[in-house]
Structure formats: C-alpha cells, structure tokens
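Peer 1: Chain order of the listed sequences is A and B.
Using my numbering, the letters of the first sequence map in sequence onto residues 1 to 199.
Using my numbering, the letters of the second sequence map in sequence onto residues 1001 to 1101.
Each residue gets a CB set at the ideal place from its N, CA and C atoms; glycine is no exception.
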Amino acid sequence: MPLDNLVFWVFAPVSVASAIAMLTRRNAVHAALFLIVNFFTIAVMYLLLDAPFLFAVQIIVYAGAIMVLFLFVIMLLGVDRNEARGERLFGMRTMAGILAAGFVLEMFFALRAGIGFATRAPAGFEKVNAPANTQALAKVLFTRYFFPFEVTSVLLIIAAIAAMVLANRKARAITQAELDAHENAQARSAAAPSEALAP
Amino acid sequence: MRTPIAYFLLLSGILFALGTMGVLIRKNALLIFMSVELQLNAVNLALVAFSRLHGNLNGQVLAFFSMVVAAAEVVVGLAIIVSVYRRSQSVNVDDARSLRW
C-alpha cells in the first residue's frame, strides 16, 4: 500500500469519527476539542493534496486562532450549562439523519457518474507548484487575485470594528417586564421545550 | 499521489452532511456555530481536492480566501452570541425567538 493511501485511510476515519463525536457531545468544551481534532485531520488531507501552505494556515488559523476564540467564549458564557433536552420539532433528529444520508448518497452517485472512483490526480503538479507551494501561491495571489486580496483586508478591518462595536455596547437597564418575560421563557424551555413552543 | 481524488471529495461530502446535521439538531448557539465551521472546512477540502485534480492553484487560492472570510465571520458571530447571551442569559436558540425584546 502506498504511503499516502495509508495516511488517507488512517486519517479519514478519525476525521469522520471526530465529527460524529462533536455532534453527540453535550458538553460544549468537549465538542470544541473534537472539532480541533477534526481540523487537524483536514490539515493532513491538505498535505496529501500537495498544499503545505494551507496545511500550515489550517493549523495556525483554524486550530489555533478560531478555536481559541471559541473556547474563550464558551468559558465566558459558562461551561456547566448543558443543552436543553427534547426536540424542537417532532422527529427532528430522524429527519436530519435522513437528509444527511441522502446527501452523502447523492454525492456518492454523482462522483461515480462524474470523475469516477479510479481517477487519480494528474502528475506534474510540481510544475505548477514550482519552486515551492508558498511561492507559487503568493505569485498567483499577488498577480491574478490581487484585488480580491485587498478587499479581504478591508473585510477583516470591518469585522474587527464590528466585533468591538458589538462587544462594547452599553447595556441598557433591563425593565421589570423584560425580566419577567425572560424568567417565563427560561422556565418554559426548561420544563418542556416542545410544549412551551406551541402557540 | 495514489489516492483517488474522489475519496477526498466523498470525505468532504460526509463532513458537510455531518455539519448540516449539527446545524439542524443542536440547540446551543455555539455548537450550531461550530457545525457551520465544520461545513466550511468540508467545502475547503473539496476546493483543494479540485485544485489538485485540475492541476492549477485557483482552488487553493479560493480556499485561502474562504479561510479569511471564515475568520471574520467567527469574530462577528461570536460577538453576536455574546451580546445575545448578555441580553437573555441563554445561548439556547429556542429562547431567542423575538427580533426585538
């Protein structure tokens, strides 16, 4: 068995298993940790697909920055807060499972009819990637995609300003009516979510 | 490169489906947001696989841009979740039903 095939078959099940584990954990911190495992396996897939720059970016940006932000917010909002049980709509989980299974089946048949399961990536990607992936990517990014690249920097600045505005907003005094409404809502969702939501 | 490209695309499809299930099933706003991240990653994997299949770097550049947008999206989304939590003391999406409260 060639080495990259072996690496794929080791990391693909880990990837799927960690995604399933993320879905089924009730504790938000555990789910976040499983998501980090999943991000690492996807980074390995990038390495297999000859994209070492994206491998590094995936680990630094996703597993590093974004997940730290997630964990920070989870800690800020309280870790012991478990999810409410019960289904919002009748048969919600079953329907979601059927939908997901249908999507995967559709993907399977589309791939078999399209590129087929025997198509291997064409050789000669080293020529595109010359002299190295980072240099080649930089060349494309700063010539052909220069304008979108500049636009993303504007986007990042806007996102930073938006986060500051949203987080810094002064809390207005909460009225008694709002407090009552909130307590009622919490009592209802804690008691029986499906009944509480009936009109 | 001996692994067929279709395997990567199928893996990406499975991860996307699992992310969709997470969005549909979970009630904690943070977990829904994490599932959206999983979906984004699945699509990135498909883009990089297509880039390898077609032998050019456009897919990798698009995946890179999608990561930048995801970072911006996470910052704003988490700020919104924190501000909703401050208002209603809950991250359960069923509790946040009114547009103005």
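1. Going straight from the alpha carbon of residue 1087/B to that of residue 168/A, what length do you get?
2. Using a cut-off of 8 Å between C-beta atoms, extract the partners of residue 75/A located in chain B.
3. Alpha helix (DSSP H) containing residue 162/A: first to last residue?
4. Would residue 32/A and residue 67/A be called neighbours here (beta carbons separated by less than 8 Å)?
5. Could you check whether the stretch 1075-1083 of chain B touches the stretch 86-94 of chain A, counting it as contact only if at least three pairs of C-beta atoms, one from each stretch, sit closer than 8 Å?
6. Quick one: residues in its chain with C-beta nearer than 8 Å to the C-beta of residue 1031/B, no 5 flanking neighbours on either side, listed in chain order?
7. Return helix, strand or coil for residue 1056/B, following the three-state DSSP convention.
8. List the residues that DSSP assigns as beta-bridge partners of residue 1092/B.
9. Does the beta carbon of residue 1032/B come closer than 8 Å to any beta carbon on chain A?
10. If I'm right that residue 99/A touches residue 1020/B with Cβ under 8 Å, what's the distance once you round it to whole angstroms?
11. To the nearest angstrom, how far is it from the Cα of residue 157/A to the Cα of residue 1033/B?
12. Between which residues of its own chain and residue 1047/B is the CB-CB distance below 6 Å, once the five residues before and five after are set aside?
13. Are the CB atoms of residue 1071/B and residue 61/A nearer to each other than 8 Å?
14. Take the Cβ of residue 1037/B as the centre, count every other Cβ of all protein chains shown within 10 Å, and call the residue buried at 16 or more, exposed below.
15. Pick helix, strand or coil for residue 1013/B, following the three-state DSSP scheme.
16. Please say whether residue 123/A and residue 1005/B have beta carbons closer to each other than 8 Å?
17. Quick check: is the beta carbon of residue 1090/B nearer than 8 Å to any beta carbon in chain A?
18. Going by C-alpha distance, which of 39/A, 127/A, 147/A is nearest residue 1055/B?
19. Look at the alpha carbon of residue 159/A and the alpha carbon of residue 152/A, and state the distance between them as a whole number of angstroms.
20. Looking at the structure shown, is residue 98/A part of a helix, part of a strand, or coil, going by DSSP?
21. From the DSSP output, in three-state form, read off residue 24/A for me.
22. Going by the CB atoms, is the gap between residue 1049/B and residue 6/A shorter than 8 Å?
23. Between 161/A, 30/A, 163/A, 3/A, which has its C-alpha nearest residue 71/A's C-alpha?
24. State buried or exposed for residue 1101/B, treating a residue as buried only when at least 16 other CB atoms are found within 10 Å of its CB.
25. Please identify the residue among 1015/B, 1028/B, 1017/B, 1065/B whose C-alpha is closest to the C-alpha of residue 140/A.
26. Can you give me the start and stop residues for the alpha helix (DSSP H) that residue 135/A sits inside?
27. Where do the N-terminal and C-terminal ends of the alpha helix (DSSP H) with residue 56/A fall, by residue?
28. Assign residue 64/A to one of three DSSP states: helix, strand, or coil.
29. Count the other C-beta atoms from every protein chain shown that fall within 10 angstroms of the C-beta of residue 3/A, then say buried if there are 16 or more, exposed otherwise.
30. Under a CB-based cut-off of 8 Å, is residue 131/A close to chain B?
31. Classify residue 1052/B: buried if its beta carbon has 16 or more other beta carbons within 10 angstroms, exposed otherwise.
Peer 2: Per the coordinate set shown:
1. Those two C-alpha atoms are separated by around 13 Å.
2. What residue 75/A touches in chain B: nothing, since even the nearest Cβ is about 11 Å away.
3. Where residue 162/A is concerned, the enclosing alpha helix (DSSP H) stretches over 146-168.
4. Contact annotation: residue 32/A and residue 67/A have beta-carbon atoms nearer than 8 Å.
5. Touching, no.
6. So the list reads 1022, once near-sequence residues are dropped.
7. Of the three classes helix, strand and coil, the one that applies to residue 1056/B here is coil, per DSSP.
8. Beta-bridge pairing links residue 1092/B to 1028/B.
9. No, no contact with chain A.
10. Sure, about 7 Å apart at Cβ, within 8 Å.
11. Inter-residue distance for residue 157/A and residue 1033/B is about 22 Å (C-alpha atoms, whole angstroms).
12. Excluding residues within five positions, the ones whose Cβ falls inside 6 Å are 1059, 1062, 1063.
13. A Cβ-Cβ contact shorter than 8 Å links residue 1071/B with residue 61/A.
14. Around the CB of residue 1037/B, 16 or more other CB atoms lie within 10 Å, so the residue is classed as buried.
15. DSSP places residue 1013/B in helix when its eight states are reduced to three.
16. For residue 1005/B and residue 123/A, no; Cβs fall outside 8 Å.
17. Yes, residue 1090/B lies at the interface with chain A (some Cβ there is under 8 Å from its Cβ).
18. The shortest Cα separation from residue 1055/B among 39/A, 127/A, 147/A belongs to 127/A.
19. Taken atom to atom, the span from the alpha-carbon of residue 159/A to that of residue 152/A is near 10 Å.
20. It is helical.
21. If DSSP states are grouped into helix, strand and coil, residue 24/A belongs with the helices.
22. No, the pair does not count as a contact, with Cβ atoms beyond the cut-off.
23. Looking at the Cα atoms, 30/A is the closest of the given residues.
24. At residue 1101/B, the pLDDT of 49 sits below 50, so the modelled position is not reliable; the number obtained from the coordinates is stated separately. The residue is exposed, with fewer than 16 neighbouring Cβ atoms inside 10 Å.
25. Here the closest residue by C-alpha is 1065/B.
26. 133-143 is the extent of the alpha helix (DSSP H) around residue 135/A.
27. First-last of the alpha helix (DSSP H) with residue 56/A: 52-57.
28. In this structure, residue 64/A counts as helix in the three-state DSSP scheme.
29. Classification of residue 3/A: exposed, given that the 10 Å Cβ count is below 16.
30. No, residue 131/A lies away from the interface with chain B (no Cβ there is under 8 Å from its Cβ).
31. Buried, since its Cβ has 16 or more Cβ neighbours within 10 Å.
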